[in-house]
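Residue numbering for the sequence shown is 1 to 570, as defined by the UniProt record's numbering. These notes are about the structure you will find just below.
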Amino acid sequence: MIKEAKARLKINQLLQEAGWRFFDDNSGSRNIEVEGNVNLEGLGDDFENSKGFIDYLLLDTKGFPLAVLEAKSQSKDPLDGKYQAENYAKAKRCRYVILSNGDTHYFWDLNQNAEKLIIKLPTQKDLTKLLTATTAMPLSGIEVKDDWVVQSQGSVAEVDKKFLRDYQLEAIKVITSRFDQNNRRFLLEMATGTGKTLLAAALIKLFLKSGNAQRILFLVDRIELADQALQNISGYLKEYNIGIFKENKEMALQNKVVIATIQSLSYNQNYLKFFSQFDFDVLISDEAHRSIYGNNKVIFEYFEGAKIGLTATPKDFLKGIDTKKLADEDPRKLEKRILLSTYETFGCKSGEPTFRFDLKQAVSHKPPYLVNPVIYDKRSDKTDQMLSEQGWTDAFIDEQTGQQVEETFKIRQLEKKVFSEGLNYLIVDELIKTAKTDPITGEVGKTIVYCISQRHASKITRLLNEIADKKYPGKYSGHNGVFARQITSNIVGSQELTKKYRNNQLGNTRIAVTVNMMTTGYDCTDLLNVVFMKPVFSMSDFVQIKGRGTRRHTFTNELTGAKTEKDNYF
Numbered sequence: 001m002i003k004e005a006k007a008r009l010k011i012n013q014l015l016q017e018a019g020w021r022f023f024d025d026n027s028g029s030r031n032i033e034v035e036g037n038v039n040l041e042g043l044g045d046d047f048e049n050s051k052g053f054i055d056y057l058l059l060d061t062k063g064f065p066l067a068v069l070e071a072k073s074q075s076k077d078p079l080d081g082k083y084q085a086e087n088y089a090k091a092k093r094c095r096y097v098i099l100s101n102g103d104t105h106y107f108w109d110l111n112q113n114a115e116k117l118i119i120k121l122p123t124q125k126d127l128t129k130l131l132t133a134t135t136a137m138p139l140s141g142i143e144v145k146d147d148w149v150v151q152s153q154g155s156v157a158e159v160d161k162k163f164l165r166d167y168q169l170e171a172i173k174v175i176t177s178r179f180d181q182n183n184r185r186f187l188l189e190m191a192t193g194t195g196k197t198l199l200a201a202a203l204i205k206l207f208l209k210s211g212n213a214q215r216i217l218f219l220v221d222r223i224e225l226a227d228q229a230l231q232n233i234s235g236y237l238k239e240y241n242i243g244i245f246k247e248n249k250e251m252a253l254q255n256k257v258v259i260a261t262i263q264s265l266s267y268n269q270n271y272l273k274f275f276s277q278f279d280f281d282v283l284i285s286d287e288a289h290r291s292i293y294g295n296n297k298v299i300f301e302y303f304e305g306a307k308i309g310l311t312a313t314p315k316d317f318l319k320g321i322d323t324k325k326l327a328d329e330d331p332r333k334l335e336k337r338i339l340l341s342t343y344e345t346f347g348c349k350s351g352e353p354t355f356r357f358d359l360k361q362a363v364s365h366k367p368p369y370l371v372n373p374v375i376y377d378k379r380s381d382k383t384d385q386m387l388s389e390q391g392w393t394d395a396f397i398d399e400q401t402g403q404q405v406e407e408t409f410k411i412r413q414l415e416k417k418v419f420s421e422g423l424n425y426l427i428v429d430e431l432i433k434t435a436k437t438d439p440i441t442g443e444v445g446k447t448i449v450y451c452i453s454q455r456h457a458s459k460i461t462r463l464l465n466e467i468a469d470k471k472y473p474g475k476y477s478g479h480n481g482v483f484a485r486q487i488t489s490n491i492v493g494s495q496e497l498t499k500k501y502r503n504n505q506l507g508n509t510r511i512a513v514t515v516n517m518m519t520t521g522y523d524c525t526d527l528l529n530v531v532f533m534k535p536v537f538s539m540s541d542f543v544q545i546k547g548r549g550t551r552r553h554t555f556t557n558e559l560t561g562a563k564t565e566k567d568n569y570f
């Protein structure tokens, strides 16, 4: 496209790129009608011969009006003629209006209050799909009971049937009611382990079954979460095609549910290259607190469908803020806070999600759905000082000058500038002594240790195995599997190792040592110990890691059949 092209030339080209035709050709009949049968060539390159604007009528495959496009000169704001276009659209019985000056485009559904900025003009197929969705039944027209997902699982063992819990049914009722009232953004704040993915599957089925969605995008921020979502959702909803987007739009759009990482969409601007803004009727964002920042938010807002956020840890950047005062003092700072707030992004007031079911509710529920941790604080005097504002001061001899010098260290320098093999040994030894044990075998219960760095993880793994060899000689070696195993991104096959550890396929391995893996979306119900061997400065990160141990589990003795319920974790 010529950058200096005038508005008419630009808009004509954009329409043609979107598949619209001014004249009959080999692709089909014309599907654009110009108001009043105006001579196109007589309009002028910038609509200078038409009072600065003109209305195009975009037609469906049968020649009936789909939308009005009001094209304006480059010097004019596309929104200036919004209500004039509205009158023309109503006269033509069109629900949709597009406002453009060749550079900036807005899409307006007359049944919605506000127009939306769009990057590309919609195709005939996009508009037809939107119009088809308007004939869908209300979500409340379908009754959802606890066996809603079970009906779609096919033939599975009784223990694997996924019945919806009371709070999940309540969440569905809330979204159903608000969607039918024309709300299109929802935030579900639910504790780790309360079944957000199962709830998402139930909502996916409801939107598809009711006709309110033809295609749904499930957005994650890590490839392992995409794989896990594919496995879970396809197992829950066997009547629908579900796939992961991997730079192939045609293959992706064969699926009713498309799972994609934010990275696969942002790479080379794939979201622009492969998808229309109207390809997805619903977007579900897993770990929503991480999907709305920087370029991620651009992708998130690109798609026009209803948006549902799932998270245990929403970020509230407006909590305790006097927004009126900040608007007067620094409006840009207020705007930044609004953009970063998970609540605002999903159309909620500060601290008020669409639906909430937290850890306290899950633990106190009868019967309980989650367990609480028992806290063991094993910090040393040295680490306490490093955590303080003053830091920890150490005296040592400078090798070059021979003089005694002092240096102060803060906690962020631990295992980066401050190294203590003795401290690591004491912590590891204490871990093995005090860890919660497996109720069946009496061994150290399944454990994840979170370290500062890959180098630190390597040290801790080595120390754990050294101590285990002395304490349990010959038990953890050879074909039995090592006592502790490092599972970090630099280890070959680390993703597969996380799955094997979860499924007890690493022999007798009791402890997984990692850095940032297995922090979110890692469902390991028999985990009994979660160990922080690194400082965590983000509350949301802390809650996510802590949440790895909250799931309930029934331990079964294979010899006697005796069962023991997990009632807490360390």
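Ideal Cβ positions, reconstructed from N, Cα and C, are used throughout, including at glycine. Given the structure is predicted, the values throughout are model-derived calculations rather than measurements.
Check residue i in the structure and name its three-state DSSP category.
{"i": "H456", "result": "helix"}
{"i": "T514", "result": "strand"}
{"i": "E70", "result": "strand"}
{"i": "L9", "result": "helix"}
{"i": "residue 604", "result": "Lying outside 1 to 570, the shown extent of the chain, residue 604 is not represented and no answer is given."}
{"i": "P138", "result": "coil"}
{"i": "D180", "result": "helix"}
{"i": "P373", "result": "strand"}
{"i": "K62", "result": "coil"}
{"i": "R485", "result": "strand"}
{"i": "I175", "result": "helix"}
{"i": "K51", "result": "Caution is warranted here: a pLDDT of 48 is assigned to K51, below 50, making its placement in the model unreliable, and no coordinate value can be reported."}
{"i": "I448", "result": "strand"}
{"i": "D25", "result": "strand"}
{"i": "K499", "result": "helix"}
{"i": "E421", "result": "helix"}
{"i": "R462", "result": "helix"}
{"i": "I491", "result": "coil"}
{"i": "E33", "result": "strand"}
{"i": "E430", "result": "helix"}
{"i": "E86", "result": "helix"}
{"i": "G17", "result": "The amino acid occupying residue 17 in the given sequence is Glu; Gly does not appear at that position. Here E17 sits in helix by DSSP."}
Leaving out five residues on either side along the sequence, give the residues of the same chain with a beta carbon under 6 angstroms from the beta carbon of residue i.
{"i": "T519", "result": "Q544, I545"}
{"i": "G193", "result": "L370, T550, R551"}
{"i": "S477", "result": "none"}
{"i": "F207", "result": "A213, V282"}
{"i": "L225", "result": "G521"}
{"i": "Y88", "result": "D55, V68"}
{"i": "L506", "result": "G481, K500"}
{"i": "I175", "result": "F186"}
CB-CB under 7 angstroms to residue i, same chain, minus the five flanking residues each way: which ones, in chain order?
{"i": "I460", "result": "N424, V428, V449, C451, V513, M533"}
{"i": "A171", "result": "L188, L199, F355"}
{"i": "T104", "result": "P78"}
{"i": "T437", "result": "E443, V444, G445"}
{"i": "L230", "result": "I242, I244, I259"}
{"i": "Y240", "result": "L208, K256, V257"}
So, residue i versus residue j, is the Cβ gap smaller than 8 angstroms?
{"i": "V149", "j": "A202", "result": "yes"}
{"i": "L359", "j": "A191", "result": "yes"}
{"i": "L283", "j": "L217", "result": "yes"}
{"i": "L110", "j": "R93", "result": "no"}
{"i": "A288", "j": "F346", "result": "yes"}
{"i": "S155", "j": "K205", "result": "no"}
{"i": "K72", "j": "G81", "result": "yes"}
{"i": "K563", "j": "F570", "result": "no"}
{"i": "G442", "j": "N529", "result": "no"}
{"i": "L164", "j": "D146", "result": "yes"}
{"i": "L219", "j": "S291", "result": "yes"}
{"i": "L99", "j": "E143", "result": "no"}
{"i": "T447", "j": "R548", "result": "no"}
Measuring only between beta-carbons, confirm whether residue i sits less than 8 angstroms from chain B.
{"i": "A171", "result": "In the structure shown, chain B does not exist; there is a single protein chain."}
Any heavy atom of the ligand ADP closer than 7 angstroms to the CB of residue i?
{"i": "G243", "result": "Absence of the ligand ADP is noted for the structure shown, with no ligands found whatsoever."}
In chain order, what residues of the same chain have a beta carbon less than 8 angstroms from the beta carbon of residue i, not counting five sequence neighbours either side?
{"i": "L127", "result": "L58, D60, L66, A67, Y96, F278"}
{"i": "D180", "result": "P138, L139, S140"}
Three or more beta-carbon pairs under 8 angstroms between the stretch 210–221 and the stretch 135–146, yes or no? yes
Using a Cβ distance threshold of 8 angstroms, determine whether the stretch 483–493 contacts the stretch 451–464, with at least three qualifying pairs required. yes
Stretch-stretch touch, CB-based, cutoff 8 angstroms, three pairs: the stretch 177–195 with the stretch 293–310: yes
Report yes or no: do three or more beta-carbon pairs, one from the stretch 292–299 and one from the stretch 256–273, lie closer than 8 angstroms? yes
Does the contact criterion of 3 or more C-beta pairs under 8 angstroms hold for the stretch 56–68 versus the stretch 19–33? yes
Would you list, in sequence order, the uninterrupted beta strand (DSSP E) runs of no fewer than 3 residues that lie entirely inside the stretch 526–556? 529–532, 554–556
Could you tell me which whole alpha helix (DSSP H) segments of length 4 or greater appear in the UniProt domain "Helicase ATP-binding" (177–332)? 196–210, 223–236, 249–252, 262–266, 270–274, 295–302, 323–329
List in chain order: all unbroken alpha helix (DSSP H) runs of 4+ residues lying wholly within the stretch 101–176. 124–133
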